[in-house]
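*Asks:* Protein chains in written order, with the working numbering: chain A, 30 to 210; chain B, 30 to 210.
There are 2 protein chains.
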Amino acid sequence: MALSHAIMTALLEDDFTGYELAKYFDTSMGFFWRASHQQIYQELRKMADKEWLSARVIEQQGKPNKVRYSLTAAGKETLDQWILAAAKLQPAKDDFMIKLYNVGHCDVTPILAELNERQKTWEKQLEIYQRIRDKHYTKPKALPDTQKGIYLTLMVGIGQMEFYLQWCKEARVLLGTVKPL
Amino acid sequence: MALSHAIMTALLEDDFTGYELAKYFDTSMGFFWRASHQQIYQELRKMADKEWLSARVIEQQGKPNKVRYSLTAAGKETLDQWILAAAKLQPAKDDFMIKLYNVGHCDVTPILAELNERQKTWEKQLEIYQRIRDKHYTKPKALPDTQKGIYLTLMVGIGQMEFYLQWCKEARVLLGTVKPL
DNA sequence: TCTTATTATGCAACTAATTGCATATGAAAT
DNA sequence: ATTTCATATGCAATTAGTTGCATAATAAGA
Chain A
30 MALSHAIMTA LLEDDFTGYE LAKYFDTSMG FFWRASHQQI YQELRKMADK
80 EWLSARVIEQ QGKPNKVRYS LTAAGKETLD QWILAAAKLQ PAKDDFMIKL
130 YNVGHCDVTP ILAELNERQK TWEKQLEIYQ RIRDKHYTKP KALPDTQKGI
180 YLTLMVGIGQ MEFYLQWCKE ARVLLGTVKP L
Chain B
30 MALSHAIMTA LLEDDFTGYE LAKYFDTSMG FFWRASHQQI YQELRKMADK
80 EWLSARVIEQ QGKPNKVRYS LTAAGKETLD QWILAAAKLQ PAKDDFMIKL
130 YNVGHCDVTP ILAELNERQK TWEKQLEIYQ RIRDKHYTKP KALPDTQKGI
180 YLTLMVGIGQ MEFYLQWCKE ARVLLGTVKP L
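1) Where do the ends of the beta strand (DSSP E) carrying ALA84 (chain A) lie?
2) Using alpha carbons as the reference points, say which of B:ASP55, B:LEU50, B:MET58, B:LEU40 lies closest to LEU82 (chain B).
3) For CYS197 (chain A) and chain B, any beta-carbon pair shorter than 7 angstroms?
4) For a contact meaning CB atoms closer than 8 angstroms, what does HIS34 (chain A) contact in chain B?
5) When you compare the CB of ASN131 (chain B) with every CB in chain A, is at least one pair closer than 7 angstroms?
6) Between TYR166 (chain A) and the ligand SAM, is there a pair consisting of the residue's CB and a ligand heavy atom that are separated by less than 6 angstroms?
7) Looking at the C-beta of GLN119 (chain A), does it have a partner C-beta in chain B at a distance below 7 angstroms?
8) Report the residues of the segment 182-197 of chain B with a CB closer than 9 angstroms to any CB of chain A, ordered along the chain.
9) Who are CYS197 (chain A)'s beta bridge partners in DSSP?
10) When the cut-off is 7 angstroms and only beta carbons count, does PRO139 (chain A) lie next to chain B?
11) Report the residue from B:LYS128, B:PRO173, B:LEU73, B:MET37 whose alpha carbon sits nearest the alpha carbon of ALA102 (chain B).
12) Can you name, in chain order, every residue of its own chain whose Cβ lies under 8 angstroms from the Cβ of SER65 (chain A), other than the five neighbours on each side?
13) Is it true that the segment 129-136 of chain B meets the segment 69-85 of chain B, where meeting means three or more beta-carbon pairs spaced less than 8 angstroms apart?
14) Taking LYS95 (chain B) as part of the alpha helix (DSSP H), name the residues at either end of that continuous run.
15) Tell me the DSSP secondary structure of PHE45 (chain A) in three-state form.
16) Just to make sure I have the definition right: I need the residues of chain B whose C-beta is within less than 8 angstroms of the C-beta of LYS177 (chain A). Which are they?
17) Between which two residues does the alpha helix (DSSP H) holding TYR158 (chain B) run?
18) To the nearest angstrom, how far is the alpha carbon of LEU183 (chain A) from that of GLN119 (chain A)?
19) Just reading off the alpha helix (DSSP H) that GLN68 (chain A) is part of, what are its end residues?
20) Give me the residue from A:HIS134, A:LEU172, A:ILE179 with the minimum Cα distance to GLY178 (chain B).
21) Can you tell me which of the three DSSP states VAL202 (chain A) falls into?
22) Using a Cβ-Cβ distance under 7 angstroms, would ALA115 (chain A) count as near chain B?
23) Anything in chain B within Cβ reach of THR38 (chain A), meaning under 7 angstroms, just list it in chain order.
24) Determine, for THR150 (chain B), whether the minimum Cβ-Cβ distance to residues of chain A falls below 7 angstroms.
25) Taking only the alpha-carbon atoms, compute the straight-line gap between LEU181 (chain B) and LEU204 (chain A) and give it to the nearest angstrom.
26) Using a Cβ cut-off of 7 angstroms (strictly closer), state whether PHE45 (chain A) contacts chain B.
27) Is the segment 97-116 of chain B touching the segment 154-168 of chain A in the sense that three or more CB pairs, one from each, lie closer than 8 angstroms?
28) Taking Cβ positions, are PHE61 (chain A) and ASP55 (chain B) nearer each other than 7 angstroms?
29) Taking PRO169 (chain A) as the query, report the chain B residues whose CB atoms sit under 7 angstroms from its CB, ordered along the chain.
30) Would TRP62 (chain A) count as contacting chain B if we go by Cβ distances under 7 angstroms?
31) So what does VAL132 (chain A) bridge to, in DSSP terms?
32) Could one say the Cβ of ILE87 (chain B) lies closer than 7 angstroms to chain A's Cβ atoms, at least one of them?
33) Between LEU155 (chain A) and chain B, is there a C-beta pair that is closer than 7 angstroms?
34) Rounding to the nearest angstrom, what Cα-Cα distance links ASP168 (chain A) and ILE187 (chain A) in this structure?
Rendered as structure tokens:
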């Protein structure tokens, strides 16, 4: 559902090909939304069918032709309507939390190992986010309006990473007190 | 995929019917995993087919018969193996973050309204979590091993709510500086 | 020179999840 | 007396998302 709206949001800024969007979902918007290229290409065609997007084929030699998409007026209208409707707040599904429920019933060693892996990932991610903030978002109130929301999503990313790294410490200590089976 | 493992994790503690599991996913495990009854009933039948679960039909009059499921040895083995494999860390998809990207392109009013709605929800949720902590989890190290992981998931819930409420303040101020279209 | 990465899309099969509907009773609330 | 809630499952249709594979050129690195 909302993948299409995420795509339209990206297209507010500029026209994109599927390939470029796939990269966009790996970096910028990838902070809180992942999509594979297969999914994106499918979705783009569906959206073009509904006339939310218009497509222009760009001939190339050697490589496959590109298809560049832009948002239509109907698409923008759909997006505006979507923003009016409240999104449902669904909890983030996280396999690792399920694993924690198993502590005491299953061996804790692999869980601790995975916690350490996650810590490394979170540390890296936090660094990336902080670097972006320090480079482009030092004065939030001075940003153009179109950047303010993006800044706020970045702050969610930073805050989450900081929290998880904090929690990690407590988790490691407590899991250390679990008797091996 | 992981819904089946979440179900098996629940069944580590006790046998359950689909109906009871649906409630379980609305409360306890619902902090980080939601599933509708339709999905749960389907999944239970699939799992019984694979012999990860065994089913016992309990005849009732007036009401439909219950089916009570228990974890088999094969199911437990599957669960143990699953814990060994690292879960992939995928970001939580959140529609509201997409909406924030639209600030400056679309009217900010409904976004601010939704932020306020979310704040209320987060406040309520935080209270619920805190009450659970204060009632059952005041001394984490004194808990039985089987409760320690659950405590840690609860702390994730509390930490997330606290962070979002904090972030909410900054978000409201910054969104207040956005010029209306 | 051989391998790998980048560019650029697509099909097919499958699994996961949602939406809407249907059934049927007893108990509690209005 | 009527509505709503809780109990207890299910089907059918659809949408969303994943996995694996295929193609085909160019450029860069080992």
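Here a beta-carbon is modelled for each residue, glycine too, at the ideal position from N, C-alpha and C.
*Replies:* Reading from the atomic positions:
1) Residue 84 (chain A) sits at position 55 when you count from the first residue of the first sequence. Here the beta strand (DSSP E) through ALA84 (chain A) covers 82-87.
2) For the purposes of this step, residue 82 (chain B) is taken as residue 53 along the second sequence, with counting starting at 1. Checking every option, the nearest Cα to that of LEU82 (chain B) belongs to B:LEU40.
3) Translated into positions along the first sequence, residue 197 (chain A) becomes position 168. So, not an interface residue.
4) Numbered from 1 along the first sequence, position 5 holds the residue referred to as residue 34 (chain A). Near HIS34 (chain A) (Cβ distances below 8 angstroms), the residues of chain B are ASP124, ILE127.
5) In the second sequence, counting from the first residue as 1, residue 131 (chain B) sits at position 102. For ASN131 (chain B), the answer is yes, since a Cβ of chain A falls inside 7 angstroms of its Cβ.
6) With respect to the ligand SAM, the structure shown offers nothing to examine, as it has no ligands at all.
7) As a first step, residue 119 (chain A) must be located in the first sequence, where it is residue number 90. Yes, because at least one Cβ of chain B sits closer than 7 angstroms to the Cβ of GLN119 (chain A).
8) Flagged, chain order: THR182, MET184, VAL185, GLY186, GLY188, GLN189, GLU191, PHE192, TYR193, GLN195, TRP196.
9) Taking the first sequence and counting its residues from 1, the one referred to as residue 197 (chain A) is at position 168. According to the DSSP secondary-structure assignment, CYS197 (chain A) is paired through a beta bridge with no residue.
10) Within the first sequence, residue 139 (chain A) is the residue found at index 110, counting from 1. Closer than 7 angstroms: yes.
11) Sequence index remark: in the second sequence, residue 102 (chain B) carries index 73 (1-based). The shortest C-alpha separation from ALA102 (chain B) is found at B:MET37.
12) Within the first sequence, residue 65 (chain A) is the residue found at index 36, counting from 1. Correct list, in chain order: ALA51.
13) With the cut-off at 8 angstroms, the segment 129-136 of chain B and the segment 69-85 of chain B do not touch.
14) Here residue 95 (chain B) is taken as the residue at index 66 of the second sequence, counted from 1. Looking at the DSSP string, LYS95 (chain B) is not in any alpha helix (DSSP H); the run it does join, the beta strand (DSSP E), is 95-100.
15) On the first sequence, position 16 is the one that residue 45 (chain A) refers to. The answer is strand: DSSP assigns PHE45 (chain A) an E or B state.
16) Taking the first residue of the first sequence as 1, we reach residue 177 (chain A) at position 148. Taking the beta carbon of LYS177 (chain A) as reference, the chain B residues within 8 angstroms of it are VAL132, GLY133, LEU203, LEU204, THR206, VAL207, listed in sequence order.
17) If you number the second sequence from 1, residue 158 (chain B) lands on position 129. Taken as a continuous stretch (DSSP letters only), the alpha helix (DSSP H) holding TYR158 (chain B) covers 138-165.
18) Reading the first sequence from its first residue, position 154 is the one you call residue 183 (chain A). Reading the first sequence from its first residue, position 90 is the one you call residue 119 (chain A). The straight-line gap separating the alpha-carbon atoms of LEU183 (chain A) and GLN119 (chain A) is approximately 20 angstroms.
19) Numbered from 1 along the first sequence, position 39 holds the residue referred to as residue 68 (chain A). Taken as a continuous stretch (DSSP letters only), the alpha helix (DSSP H) holding GLN68 (chain A) covers 66-78.
20) What you label residue 178 (chain B) is simply residue 149 of the second sequence in a count that begins at 1. If we check each option's Cα against that of GLY178 (chain B), A:HIS134 comes out closest.
21) Walking along the first sequence from the start, residue 202 (chain A) turns up at place 173. Correct three-state label for VAL202 (chain A): helix.
22) Position 86 of the first sequence holds residue 115 (chain A). Interface residue, yes.
23) Stepping through the first sequence from its first residue, residue 38 (chain A) is reached at position 9. Chain B residues near THR38 (chain A): ILE127, TYR130, ASN131.
24) Start at 1 with the first residue of the second sequence, and residue 150 (chain B) comes out as number 121. Taking Cβ atoms only, chain A reaches closer than 7 angstroms to THR150 (chain B), which makes this a yes.
25) Counting from one through the second sequence, the residue named residue 181 (chain B) turns up at place 152. Counting from one through the first sequence, the residue named residue 204 (chain A) turns up at place 175. Computed Cα separation, rounded: 9 angstroms.
26) For the purposes of this step, residue 45 (chain A) is taken as the residue at position 16 of the first sequence. By this cut-off, PHE45 (chain A) is not an interface position.
27) Contact between the segment 154-168 of chain A and the segment 97-116 of chain B is absent: fewer than three C-beta pairs spanning the two stretches fall below 8 angstroms.
28) Along the first sequence, read from residue 1 onward, the residue named residue 61 (chain A) stands at position 32. Along the second sequence, read from residue 1 onward, the residue named residue 55 (chain B) stands at position 26. No, Cβ-Cβ distance for PHE61 (chain A) and ASP55 (chain B) is not below 7 angstroms.
29) Looking up residue 169 (chain A) in the first sequence gives position 140. Going along chain B in sequence order, the residues near PRO169 (chain A) (Cβ under 7 angstroms) are LEU203.
30) Within the first sequence, the letter at position 33 stands for residue 62 (chain A). Between TRP62 (chain A) and chain B, the shortest Cβ-Cβ separation is below 7 angstroms.
31) Locating residue 132 (chain A) in the first sequence gives position 103, counting from the first residue. For VAL132 (chain A), DSSP records a beta bridge to A:CYS135.
32) Position 58 of the second sequence, counted from the first residue, corresponds to residue 87 (chain B). It does not; no Cβ of chain A falls within 7 angstroms.
33) Taking the first residue of the first sequence as position 1, residue 155 (chain A) is located at position 126. Output row for LEU155 (chain A): interface = no.
34) As a first step, residue 168 (chain A) must be located in the first sequence, where it is residue number 139. As a first step, residue 187 (chain A) must be located in the first sequence, where it is residue number 158. Note that residue 168 (chain A) corresponds to Lys in the displayed sequence, not to Asp. Whole-angstrom Cα-Cα distance: 16 angstroms.
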